[in-house]
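Peer 1:
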Amino acid sequence: KDWFLSEEEFKLWDRLYRLRDSDKIKEIRLPQVQFLSLQDEENRPAEEPTAGVHHLSLSEWGVWQDHPFPTFRVDHSDRCHHFVNIMQMIEKLRHEEGECSYELDIKSHLHMEDVS
Amino acid sequence: TGFRKELVSKLLHLHFRDDKTRVGADALQLTAELLRIFVVEAAVRGARQAQAEDAAQVDMEQLEKVLPQLVC
Amino acid sequence: QRLKAAVHYTVGCLCQEVAADKEMPFSRQTIAAIAEVTFRQ
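Chains as they are written, first to last, in the working numbering: chain A, 545 to 660; chain B, 912 to 983; chain C, 29 to 69.
Set out below in structure tokens:
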């Protein structure tokens, strides 16, 4: 009836879930993402890669993010749909040749007198 | 299966600036349920991706594919 | 570390339930990864 594991639970954890020293991956971390444009309050230094530690990647499968993945009980948020839309646009721009359609779209709204 | 209230309380207190901050029983229960839903959602999305790829098990690759949209 | 182990254990139990329901096992690394993400969130 406390927060930590009972002896029996600890044994189960040790046997079933704990990553072993013999494993190639001994620890897994979700790195704190650094946005240069956003001042991070705590200004944590970027985490250096360390042997045996796997840093979960939010970008490695970026190309896969151009469509919403199936959900279970929690639907995608608006922010997630925005993210998917942006990835779709990036993907579209990547495959374009010649004139950039996005630039053409935006140019129609450009009025030089607005540019101070 | 779920997160024990005592564990949730301990997790929350890690982030409180004032040690005297208290958490009500309802808030603890709600947070425990939120954590449970988050874990199950992550697990099911990963499992579905593994099924879509005819994988034998859910490996980190499948989880990393669903992770960006999950944390969004 | 005991706190992370407690979170990790609970996540493991939940993943086992999903694994049974979906008939799709989880690697220990994946369970540890979900626990890490949950702990960070």
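A virtual CB, placed ideally from N, CA and C, is assigned to each residue, including glycine.
Keep in mind that this is a model prediction, so the values were computed, not measured.
Using the three-state DSSP reduction, which class does A/R573 fall into: helix, strand or coil?
Peer 2: Numbered from its first residue, the first sequence carries residue 573 of chain A at position 29. Strand, per DSSP.
Peer 1: Run the CB neighbour count on A/Q632, radius 10 Å, all protein chains shown included, and call it buried at 16 or more, exposed below.
Peer 2: As a position in the first sequence, residue 632 of chain A is number 88, starting the count at 1. Classification for A/Q632: exposed.
Peer 1: Can a CB atom of chain C be found closer than 8 Å to the CB of B/T932?
Peer 2: Indexing the second sequence from 1 puts residue 932 of chain B at position 21. So, not an interface residue.
Peer 1: For C/E51 and chain A, any beta-carbon pair shorter than 8 Å?
Peer 2: The residue you call residue 51 of chain C lines up with position 23 of the third sequence. Not an interface residue.
Peer 1: Are the beta-carbon atoms belonging to C/A60 and A/L563 less than 8 Å from one another?
Peer 2: Position 32 of the third sequence, counted from the first residue, corresponds to residue 60 of chain C. Position 19 of the first sequence, counted from the first residue, corresponds to residue 563 of chain A. A contact, by the Cβ cut-off of 8 Å.
Peer 1: Bridge partners for C/F54 per DSSP, in chain order?
Peer 2: Stepping through the third sequence from its first residue, residue 54 of chain C is reached at position 26. According to DSSP, C/F54 bridges with B/V969.
Peer 1: Restricting to Cα atoms, I'd like to know which of B/F914, B/D965, B/V919, B/G957 is closest to B/E972.
Peer 2: Numbered from its first residue, the second sequence carries residue 972 of chain B at position 61. Per the Cα distances, B/G957.
Peer 1: If A/V628 and A/H611 are in contact, beta carbons under 8 Å, what's the gap, nearest whole angstrom?
Peer 2: Working through the first sequence from its first residue, we reach residue 628 of chain A at position 84. Working through the first sequence from its first residue, we reach residue 611 of chain A at position 67. Contact flag correct, Cβ pair sits at about 7 Å.
Peer 1: With a CB to CB cut of under 7 Å and the five nearest residues on each side skipped, what residues in its chain are close to A/G596?
Peer 2: In the first sequence, the residue the question calls residue 596 of chain A occupies position 52. Excluding sequence neighbours, A/G596 sits near I569, K570, E571.
Peer 1: Could you pull the start and end residues of the alpha helix (DSSP H) that B/V951 belongs to?
Peer 2: The residue labelled residue 951 of chain B in the question sits at position 40 within the second sequence. B/V951 -> alpha helix (DSSP H) spans 936-963.
Peer 1: How would you call C/S55, buried or exposed, if buried means at least 16 neighbouring beta carbons within 10 angstroms?
Peer 2: Here residue 55 of chain C is taken as the residue at index 27 of the third sequence, counted from 1. Label assigned to C/S55: buried.
Peer 1: Given that a residue counts as buried once 16 or more other Cβ atoms are within 10 Å of its Cβ, and exposed if not, what is A/E592?
Peer 2: Walking along the first sequence from the start, residue 592 of chain A turns up at place 48. So A/E592 counts as exposed.
Peer 1: Going by the CB atoms, is the gap between B/V934 and B/L923 shorter than 8 Å?
Peer 2: Within the second sequence, residue 923 of chain B is the residue found at index 12, counting from 1. Within the second sequence, residue 934 of chain B is the residue found at index 23, counting from 1. Yes, Cβ-Cβ distance for B/L923 and B/V934 is below 8 Å.
Peer 1: What does the alpha-carbon distance come out to for the pair B/R959 and B/D930?
Peer 2: If you number the second sequence from 1, residue 959 of chain B lands on position 48. If you number the second sequence from 1, residue 930 of chain B lands on position 19. Distance between the alpha carbons of B/R959 and B/D930 is about 42 Å.
Peer 1: Please name the residue in A/L637, A/R559, A/H598 whose C-alpha comes closest to that of A/L648.
Peer 2: Stepping through the first sequence from its first residue, residue 648 of chain A is reached at position 104. Among A/L637, A/R559, A/H598, the Cα nearest to that of A/L648 belongs to A/L637.
Peer 1: May I ask you to report which of helix, strand or coil DSSP gives A/V597?
Peer 2: The residue given as residue 597 of chain A occupies position 53 in the first sequence. Strand, per DSSP.
Peer 1: Which residues in the same chain as B/L974 place their Cβ atom closer than 6 Å to its Cβ, once the five residues preceding and following it in sequence are excluded?
Peer 2: In the second sequence, counting from the first residue as 1, residue 974 of chain B sits at position 63. Excluding residues within five positions, the ones whose Cβ falls inside 6 Å are G957.
Peer 1: For A/D565, does the three-state DSSP call read helix, strand or coil?
Peer 2: Counting from one through the first sequence, the residue named residue 565 of chain A turns up at place 21. A/D565 falls in the coil class under three-state DSSP.
Peer 1: With a Cβ-Cβ cutoff of 8 Å, do A/Y646 and C/H36 count as a contact?
Peer 2: Here residue 646 of chain A refers to the residue found at position 102 when the first sequence is read from its first residue. Here residue 36 of chain C refers to the residue found at position 8 when the third sequence is read from its first residue. Going by C-beta atoms, A/Y646 is not nearer than 8 Å to C/H36.
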